[in-house]
Amino acid sequence: MAKNSSLDRNAWPTYRRLLGYSLPHWRVMVIALIATAMLAGVDTGFAALIKPLLDRAFVEQNQTYIHWIPIYIVGLFLLRALSSFVSIYGMAWVARRVVKDMRGRVFNKLLDLPSRFYDRINSAELVSRLTYYVEQIAEATTTVLTSTLSDSLRIVFYIGYMFYLNWRLTAFTFVVMPLIALIIAYVTRRFRRISVRIQDSVTNVTEAVDEAVLGQRIVKIYNGQAFERDHFARVNEDNRWLSMKVVATRAGSGALIQFIAAWAVAAIVYFATQPSMLAQMTPGTFAAFMLAMLSLLQPIKSMGGVNEKLQRGITAGMGLFELLDEPTEVSGGTRSLQRASGAIEFRDLRFRYASQDRDALRGVSLEIKAGQTVAFVGKSGSGKSTLLAMLPRFYDADAGAVLVDGHDVREYPLAALRDQIALVDQQVRLFNASVAENIAYGLQPTPDEARIVEVAKLAHAWEFIEKMPDGLQTPIGQNGAKLSGGQRQRLAIARALLKNAPILILDEATSALDTESERMIQSALERLVEGRTTLVIAHRLSTIQHADCIVVMEDGEIAETGTHETLLAADGLYAALYRMQFDDEAA
């Protein structure tokens, strides 16, 4: 109940904010709305033709009027066609502009949101907001306006014309208006409640498709097709059922309104045919009055459909504004940073993920000199990746500080800080573009082809790139779907090398490579780490034996630090991990 009252309370402020997206295009909107008003006037004009047509053409047989009436009709149809075109095209133009502007704003917002936001929301919901929600909002801010204006003016014009013809009969029609208003009020609340559930169901459908498509190999190898079909059938049926509830509400309210209106029409016909009333009305007056009254039913009924679109748009607007109002990443300070030396310090860092009840980092302190190669090892969940995510400020610590060149990273502009860091993540992300575009991603101006080839060779990626149909210009598909795991990893390494940043983060960078490729990459990295600070998260301990320092982490704390030799000699946690790994490999 509280949720429903909150929806009602926020409806009008939300709609006012939605209309703000249409205001930049107000000139086109005004023209379209004027055309809509003309359209409503022309429709009333057709009803107004009935009285003179019957009285002067059929009863009086006025030949002059008989000759002119076809010209009036053609003129009205031409005016209606022109106003209809301007109204529909003008509002469609504004609607597509609203969709474009709003999608652009939402997409730009997504790029600036912190990692904590993505930890608590799934991608399917974001896709729904960027596609389905925006379309609902466009309808609410354009189609609803024209329909509301058109229907409202038709109602006003028809009632005005009916008053002109016979005010007594017109006054009687107002008896049913309170009943119709009550129906519309009930339907409004119901549409809004169902709209929230429909938006959730659209997200569920998107999520089901997304998971089945991206995980299609797992689905097939575990024979999960039947499960996925059942799961999709359930969410798809839920969406259909909710949509039908909207249809049932719309159809039911329309039928009820027509039923009430039918009694009003019947009563008016009865009173209009009484001798005292017939003496005051010509056949043309009665026919014109009945036509205007029957025509009045359509815009009244149509207001229910407009109301449905309005409630869907308002509900979508609430969801979208919730996203747009999310706080973005704090951009940082103003301290200048051209090229860092690479000195790093983690000072008493504490951090907890929102979804967890214990700290992921607990008082971590570590100093790294410029140009050092430092490896981080430990069991899964020990805090290695979380610690390194603090450096480029994917997360900000709850307590403590991260320093680069002796200054808190929060003192630097965020873009300047991240310019100093290249990253090869364990979850390689490539884009649906060419090989060259992926390697040179984000660099301005784009490096020349010779430099791209150079880093591709250093990353041992050139050997498969040159065999591709179009070499560097070959598209690689979504997230590098056309490449093997090792090839994708080597492209990611080439991308990091091309950036030539003073700080390099390798998070399980060789995890997807075979032994031969790993040996080649290690050889290249050993040459390239000179002159830069390199932070390595490694699963294979054999790849970090030559690191300047190895940091062993456990339960969010630093358990041991030292070189490979000193840690083995200490016979602590690192030595146990080393023996366990090499015993497994020997077995």
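Each residue of the sequence shown is one higher than the last, beginning at 1 in UniProt numbering.
Even for Gly, the Cβ is constructed at its ideal location relative to N, Cα and C.
From a predicted model like this one, the values you see are computed outputs, not experimental measurements.
In the DSSP secondary-structure assignment, R350 is bridged to R362, A399. With respect to the C-alpha of L256, the residue from K301, I34, R393, M468 having the closest C-alpha is K301. Note on geometry: alpha-carbon atoms of L361 and S355 lie some 14 Å from one another. In this structure, the beta-carbon distance from L414 to S331 falls below 8 Å.
With fewer than 16 other beta carbons inside 10 angstroms of its own, Y186 counts as exposed.
Note that the segment 198-213 touches the segment 236-250; at least 3 beta-carbon pairs, one per stretch, sit closer than 8 Å. The C-alpha of L297 lies about 14 Å from the C-alpha of A47. When the alpha-carbon of W26 is set against those of D359, T386, M91, the nearest one is in M91. Taking 8 Å as the cut-off, the beta carbon of L153 is found closer than this to the beta carbon of A37. Contact annotation: the segment 111-125 touches the segment 314-332, with at least three C-beta pairs closer than 8 Å. Per DSSP, reduced to three states, the secondary structure at F376 is strand. Within its own chain, the residues whose Cβ lies closer than 7 Å to the Cβ of A416, once the five positions on either side in sequence are excluded, are L337, listed in chain order.
Sequence-distant partners of I194 (beyond 5 residues in either direction) whose C-beta falls short of 8 Å from its own C-beta, in its chain, are L242, K245, V246, T249. Within 10 angstroms of the beta-carbon of R229 lie fewer than 16 other beta-carbons, which makes it exposed.
Distance between L79 and L23, taken at the CA atoms: about 27 Å. Within 10 angstroms of the beta-carbon of V98 lie 16 or more other beta-carbons, which makes it buried. The alpha carbon of D555 has as its nearest neighbour, out of D548, S385, Y412, the alpha carbon of S385. Of the other Cβ atoms in all chains shown, 16 or more fall within 10 Å of the Cβ of L165; this residue is therefore buried. With respect to the C-alpha of P178, the residue from Y161, A264, F227 having the closest C-alpha is A264. Bridge partners of D507 according to DSSP: I537. Contact between the segment 310-321 and the segment 360-379 is not established, with fewer than three Cβ pairs separated by less than 8 Å. Linking P447 to V455 through their CA atoms gives a straight-line distance of about 11 Å. Fully contained in the segment 438-516 are the following beta strand (DSSP E) runs of length 3 or more, in chain order: 503-507. Following the DSSP letters along the chain, one finds V551 inside the beta strand (DSSP E) bounded by residues 549-554. By the beta-carbon neighbour count (other beta carbons within 10 angstroms, threshold 16), I121 is exposed.
A343 sits in coil when the DSSP states are folded into three classes, being neither helix nor strand.
Nearest to A422 by C-alpha distance, out of I66, I476, D507, E560, is D507.
The Cβ atoms of L54 and I69 do not sit closer than 8 Å to each other. For V42, same chain residues with a beta-carbon under 7 Å away, outside a window of 5 residues either side, are L76, L79, R80, S83 in chain order.
The segment 393-402 makes no contact with the segment 569-576, as fewer than three CB pairs between them are under 8 Å.
With 16 or more other Cβ atoms inside 10 Å of its own Cβ, D359 counts as buried. The Cβ neighbour count for W462, taken over all protein chains shown within 10 Å, is at least 16; the residue is labelled buried. Contact between the segment 428-435 and the segment 469-487 is present: 3 or more CB-CB pairs across the two stretches fall below 8 Å. For I421, the uninterrupted beta strand (DSSP E) run begins and ends at 421-424, by DSSP.
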